[in-house]
Amino acid sequence: MASRNRSLRYAVALMLLVSLGFLQLLVSGLSTYVAFVNPYSYVPTGPVSSIEGMGMTPLANRAVVFVLDGVRADTFYETSRPEIESYDDWANFTAAQCSTLLSVSKTGYCVISSGVNSSESQVIGNEYKGVFPADSLWNTTVTNSGTTAMIGSDSWYDLFSPWLNYSLTFTSQMPNGESVLINATSGMPVTEVTLPDYRDSLVSQYARLVLERHSPTFMVVHFGETDEAGHQNGTASESYVTALKNEDTYVGEVLDAFDAMGLLNTTLVVVVSDHGQVDVLSGKGEHGGIEEEVLHIPLLIRGPGVTPGTYDDPVHQNSIAPTVAAVMGWAVPSDCSGTVLFQCLNLTLQQEAIYRINLSEIRVAQATRRISKMGYLAQYQSQVSVAEQLITYAHGNFTSGNNSSAIGAAITSIEVSESILRTSWDAKVTEERTARLLVVMVCIFAGILVAGVLLRRSFDGVKTALADRQRVATTMVVIVMYFVLLYVGLILFGWRFSASYFFTSVEDFLIRLFGPTLFALLPSLIVLFLLLRISDKKSAAPTDVMVWLALFVLIITGIYLSITAYFIVDSGPGLLWFLSNADRSLMYFFFVLSFLVFTLTITLTLLVKRLLPARLSADMK
């Protein structure tokens, strides 16, 4: 009996030892989100050749970008927008998408302003602190002797303040559509009035004021009422649709101000959202994941040089900044990951050639910087040389007036550079996965070896019990039952491996943390004890339940270790540089946390089992 109890003690000790390792994995994994790092980012790309002297004539004198926060595309297109629709010359991109690596506001602000993917700028969440580290339209405007203005959320100021000439920002949104009764106590007829959203109405007023007084070259007008309404009431709510209609009115007010000043026909206008929203189980709107409702955003562009029409080809938010730069006659921001939306611009061959060459120079510079950081410079040098030679050829054709050939050479150069970026990325991911696999295999082998040496005399009871095939089968069935119930628990407690379905409160976190594991573990323990008790009644040789509990604990610990090892090898311990979204990281975190809950519950159960009889015995005395 002592040997069998010792078997359980050692099994629990091993489980606790593994849980300490899991705690370390949890801490290190969380740090990859809080302090996300891409060691192979090409930002800053560094200076590329200027387009000055190439004969580019600006198509527009000013640009204004309206950001409708949290507006999903389907609601946008299904809702009447009389002010925006009063202009029939929009280039309407119906398949526009925002960033997938945490589809949140600050990420969207940065991508819209710069064209830089969030994995490259390393601004992946709203927790980011500091000034935006990459080239953007803000500093490009200043470099080109223009002025900038921003009216809206204070997050924009936090990110781009060094390049803001004029800014009015707001930190909160009150009273957000609340109603008030007029004459409720005066004896006069009572009137119920819905108060307007102060922030968005003020955004419109101040945008017009800044325009009238300063006529900025580049201005962003950010409306947040839709995002707030979606978070509070869901995207199917009347308040969400009303907020969108209000923002349509505000956009119209600002455009009317441009028109009144005689500036509208020379101004590029962009209407876009930073991200969409999806209604979660609570009925509230959330975002951050890769659901269609979150990623699909409206994108409309109008102004000089823009060809109206509906464009169904998929485009990305990262193409807004380079398109604005092209219409304004500026060089594309040098860190930009996107491209110019040539399909909607009425450019001459010469103008198109200028920006094709500009983009090709950016891409080869980015490719060179990445492979240099990865240590792949020698392997890709020949391809880099090909891309550079094509750029030289494009310049030569441009100088001689053969713009079509210049465009073709530049496009081919871009394809070569993007191939370098893509294949070097894949090669480094494979290299790091191989390294993690070797480390995991060494750790597993070392763990098995140490456990075998230290515990070989302590598992005599387990060894003997393994000969009992019936009870072994019973234990294995209960282990399968545990993981089936764990899966069911994930569904019942509302788990979605998506950043859009993240925890909204401490209570929500605790319920979803403990719920699925306890839902699986407690019934499994009860069933295990009952089946063993039934087996004892039918068998001439009673068994020690603790031996089978030890086996149950050991095997489940091994399965958790195997699952975690798989995630570490495949996607790393947390949110690593190469992941395109947070879904697999959330799976990893769930299994780490689930094992910690499993360990805590088993340990507390055994402590109660050990202490309760002793307490009862003391009370009886």
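Residues 460 to 1080 (the working numbering) make up the sequence shown, in order. Just so it is clear, CB atoms sit at the ideal spot from N, CA and C, and this is done for glycine as well. The structure displayed is predicted, hence computed values, not measured ones.
Asked: Distance, W1036 Cα to S878 Cα; Found: 19 Å
Asked: Of the residues P792, L723, L804, the one placed nearest E820, counting alpha carbons only; Found: P792
Asked: With 16 other Cβ atoms within 10 Å as the buried cut-off, status of Y946; Found: exposed
Asked: Those residues which DSSP pairs with S626 across a bridge; Found: M609
Asked: Opening and closing residue of the beta strand (DSSP E) in which F525 lies; Found: 521-527
Asked: Runs of beta strand (DSSP E) wholly within the region 544-607 (minimum 3 residues, chain order); Found: 550-556
Asked: Exposed unless 16 or more other CB atoms sit within 10 angstroms - verdict on F968; Found: exposed
Asked: Terminal residues of the alpha helix (DSSP H) in which H854 lies; Found: 836-858
Asked: H681 - containing beta strand (DSSP E), residue span; Found: 677-682
Asked: With 16 other Cβ atoms within 10 Å as the buried cut-off, status of M1005; Found: buried
Asked: Selection from V1056, Q929, P767, S959 that minimises the alpha carbon distance to I970; Found: V1056
Asked: Residue interval of the beta strand (DSSP E) (run including R540); Found: First-last for R540: undefined, no H or E at that position.
Asked: Backbone secondary structure at I756 - three-state DSSP; Found: strand
Asked: Extent of the continuous alpha helix (DSSP H) to which T782 belongs; Found: 779-787
Asked: Option in A869, S595, Y665 with minimal Cα separation from F629; Found: Y665
Asked: Backbone CA spacing between I760 and W549 [nearest angstrom]; Found: 5 Å
Asked: Cβ-based burial, K565 [other Cβ within 10 Å; buried from 16]; Found: buried
Asked: Cβ distance (whole Å) where H746 is taken to contact S983 below 8 Å; Found: So it is not a contact: roughly 36 Å between Cβ atoms.
Asked: Alpha helix (DSSP H) runs wholly inside the region 694-780, at least 4 long, in chain order; Found: 697-719, 751-754
Asked: Coil, strand or helix - L908 by DSSP; Found: helix
Asked: Helix, strand or coil at L991 according to DSSP, with G and I counted as helix; Found: helix
Asked: Nearest residue (CA-CA) to Q556, options D659, S698, D533, D885; Found: D533
Asked: 6 Å Cβ shell around L627 - same chain, five flanking residues per side excluded; Found: I610, Y665
Asked: Proximal residues to T606 (C-beta, below 6 Å), its chain only, five neighbours per side dropped; Found: N624, P675, T676
Asked: Where the alpha helix (DSSP H) through F1011 begins and ends; Found: 1004-1030
Asked: A826: first and last residue of the uninterrupted alpha helix (DSSP H) it sits in; Found: 808-833
Asked: Within 7 Å, strictly: CB atoms of A1024 and T504; Found: no
Asked: Cβ neighbour criterion (16 or more within 10 Å) applied to P767; Found: exposed
Asked: For I938 and R992, the rounded distance between their alpha carbons; Found: 17 Å
Asked: Cutoff 6 Å; reference Y1081; Cβ partners in own chain excluding five residues on either side; Found: Past the edges of the chain, shown from 460 to 1080, lies residue 1081, and the structure says nothing about it.
Asked: CB of S578 within 7 Å of CB of L596, strictly; Found: no
Asked: Limits of the alpha helix (DSSP H) - the one that I510 falls within; Found: Run containing I510: none; DSSP gives neither H nor E here.
Asked: R822 to Q802 span [Cα, whole Å]; Found: 20 Å
Asked: Cβ neighbour criterion (16 or more within 10 Å) applied to R545; Found: Just to set this straight, residue 545 is Ser in the shown sequence, not Arg. S545 is exposed by the Cβ-count criterion.
Asked: Expected contact under 8 Å - CB spacing of I749 and S957 to nearest Å; Found: 7 Å
Asked: 8 Å Cβ shell around T1111 - same chain, five flanking residues per side excluded; Found: The chain is shown from 460 up to 1080; residue 1111 falls before or after that span and cannot be answered.
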